[in-house]
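Everything on this sheet refers to the single structure shown next.
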Amino acid sequence: MTARRIVIAGECMAEISGNADSGWAFGFGGDTLNTSVYMKRLLGDAADLSYLTRVGDDPFSARMTQAWADEGIRLDLATPVPGRTIGLYAISTDAMGERSFTYWRENAPVRDMFRDGVDAAVQSAVSGADLFFFSGITLAVLSAEGRAALFGLARDVRAAGGQVAFDPNHRPRLWPGAEAAAAAATEAFEVASLVLTSVEEQEAIFGDRTPEDTAARLAAASVGEWVLRDGPAPMLVAADGARAEIAFDGVARPRDTTGAGDSFNAGYLSARLLGLDPFDAARAAQKLSATVINHPGAIIPAAAMPARWP
Numbered sequence: 001m002t003a004r005r006i007v008i009a010g011e012c013m014a015e016i017s018g019n020a021d022s023g024w025a026f027g028f029g030g031d032t033l034n035t036s037v038y039m040k041r042l043l044g045d046a047a048d049l050s051y052l053t054r055v056g057d058d059p060f061s062a063r064m065t066q067a068w069a070d071e072g073i074r075l076d077l078a079t080p081v082p083g084r085t086i087g088l089y090a091i092s093t094d095a096m097g098e099r100s101f102t103y104w105r106e107n108a109p110v111r112d113m114f115r116d117g118v119d120a121a122v123q124s125a126v127s128g129a130d131l132f133f134f135s136g137i138t139l140a141v142l143s144a145e146g147r148a149a150l151f152g153l154a155r156d157v158r159a160a161g162g163q164v165a166f167d168p169n170h171r172p173r174l175w176p177g178a179e180a181a182a183a184a185a186t187e188a189f190e191v192a193s194l195v196l197t198s199v200e201e202q203e204a205i206f207g208d209r210t211p212e213d214t215a216a217r218l219a220a221a222s223v224g225e226w227v228l229r230d231g232p233a234p235m236l237v238a239a240d241g242a243r244a245e246i247a248f249d250g251v252a253r254p255r256d257t258t259g260a261g262d263s264f265n266a267g268y269l270s271a272r273l274l275g276l277d278p279f280d281a282a283r284a285a286q287k288l289s290a291t292v293i294n295h296p297g298a299i300i301p302a303a304a305m306p307a308r309w310p
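Numbers 1 to 310, taken from full-length UniProt numbering, label the letters of the sequence shown in order.
Dropping the structure here:
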């Protein structure tokens with residue numbers, strides 16, 4: 001099988017996770033980076049995957065990018081910026097496995113990505129991708145000029161026959177206001193061929209009251225394929241005019257839900273690239289996500305990945 005060219009854009013930061021009782025661990029994470037790691041693990045040599053970002057020239061950036069390389073992720077689109085350092089975030093997890101986040105990311109180099117346009121090498125690498133994926137966090141950390149450039153890249157991918165996937169992954173504190181978040185998500189829907197989102201996100205961004213509100217919004221944007229998660233309730237999956245509810249095979253008491261959505265995205269996108277239909281892809285994505293939330297941290301050890309997948 002010819003390797004599928006995948007480009008995932010976003011921010012990865014230094015991560016501190018744990019709690020006062022179990023202790024704290026140091027690593028690296030970020031929503032789209034987590035998805036990148038899981039996709040590469042699932043697809044192996046069937047994926048030629050690059051992470052599109054900017055990093056610093058500090059020791060932590062070097063350790064971080066080496067960790068990506070160790071996972072098989074290409075570094076050709078991870079641009080180091082002299083004199084800059086990566087962002088940092090801490091995850092605190094309570095007794096029920098729910099987490100809270102604290103961030104120090106205001107001066108991270110990724111915030112200037114595409115501010116002055118897109119260079120030819122990046123343009124060529126992204127426009128030829130089979131799949132281009134980004135999230136609402138990707139959009140939030142970019143400048144207005146950066147977002148416009150990213151949307152331009154997405155349109156180029158679509159024009160060349162590739163797929164563009166988007167997860168709103170809404171974080172209100174990253175946006176100056178609700179209107180800015182809604183405007184960015186709306187434009188992302190317009191350039192995406194596939195949207196992965198949740199009832200909670202759509203209510204927070206747009207005030208949608210029902211799944212039908214979201215379905216109508218995505219249809220108006222001509223999104224051909226989408227997944228709408230709803231916590232432990234059945235998710236809605238739609239593609240090519242067909243829709244189905246997929247029951248959630250949940251975990252009674254998850255250990256850590258940090259990487260739940262990121263791993264779901266990886267499972268779904270990987271399964272679709274392998275040729276599974278959208279409904280079987282959703283089930284495969286659930287299988288990976290259920291495994292991930294039974295382990296601490298956003299990225300579980302490679303040895304803990306599902307033995308049989310999809």
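Just so it is clear, CB atoms sit at the ideal spot from N, CA and C, and this is done for glycine as well. Since we're looking at a predicted model, the values are computed, not measured.
Which whole-angstrom value is the C-beta distance of SER50 and ILE86, which I expect to be below 8 Å?
Actually they do not touch by this definition, with Cβ atoms about 18 Å apart.
Assess, as a yes-or-no matter, whether the stretch 135-144 is touched by the stretch 108-119 under the definition of 3 or more beta carbon pairs within less than 8 Å.
yes
To the nearest angstrom, report how far apart ALA148 and ARG115 are at their CA atoms.
9 Å
Going by C-alpha to C-alpha distance, which of THR214, GLU212, GLY275 and VAL237 sits closest to GLU225?
VAL237
Quick check: the stretch 259-278 against the stretch 16-35, are there 3 or more CB pairs under 8 Å?
Contact holds: three or more Cβ-Cβ distances are below 8 Å.
Please classify ASP76: is it buried, with 16 or more other beta-carbons within 10 angstroms of its beta-carbon, or exposed?
exposed
Anyone know if the C-beta pair for MET305 and ARG4 falls short of 7 Å?
no
Return the first residue and the last residue of the alpha helix (DSSP H) that residue 318 is part of.
As shown, the chain starts at 1 and ends at 310. That puts residue 318 outside it, with no answer to give.
Tell me which same chain residues have a C-beta within less than 6 Å of the C-beta of PHE133, skipping the five on either side of it?
The answer, listed in chain order, is ILE8 and ALA165.
If you follow the beta strand (DSSP E) that THR65 is part of, which residue opens it and which one closes it?
Premise fails: THR65 lies in the alpha helix (DSSP H), 59-70, not in any beta strand (DSSP E).
Identify every residue that forms a DSSP beta bridge with THR197.
For THR197, which the question treats as bridged, DSSP gives the partners LEU228.
Can you tell me which of the three DSSP states ALA192 falls into?
DSSP places ALA192 outside both helix and strand once states are collapsed to three, so it counts as coil.
Could you please give the first and the last residue of the uninterrupted beta strand (DSSP E) stretch that includes ILE91?
88-93
Smallest Cα separation from SER124: which of ALA95, ASP156 and VAL199?
ASP156
Note down the Cα distance separating ARG243 from PRO80, rounded to an integer number of angstroms.
43 Å
According to the Cβ coordinates, are THR93 and ASN19 closer than 7 Å?
Yes. Within cutoff.
Buried or exposed for SER289, going by 16 or more other Cβ atoms inside 10 Å?
buried
Below 8 Å on the Cβ atoms is my contact criterion, and I expect GLU15 with GLY29 to pass it. Report the Cβ-Cβ distance as a whole number of Å.
4 Å
Once DSSP output is grouped into helix, strand and coil, what is the label at THR102?
strand
Considering only C-alpha positions, which residue in the set GLY72, PHE248, VAL118 and LEU88 is nearest to ALA285?
PHE248
Straight-line CA distance for SER100 to LEU174?
When rounded, the separation of the alpha-carbon atoms in SER100 and LEU174 is 15 Å.
Grab the span of the alpha helix (DSSP H) containing GLY146 for me, first residue to last.
Run containing GLY146: 144-159, per the alpha helix (DSSP H) assignment.
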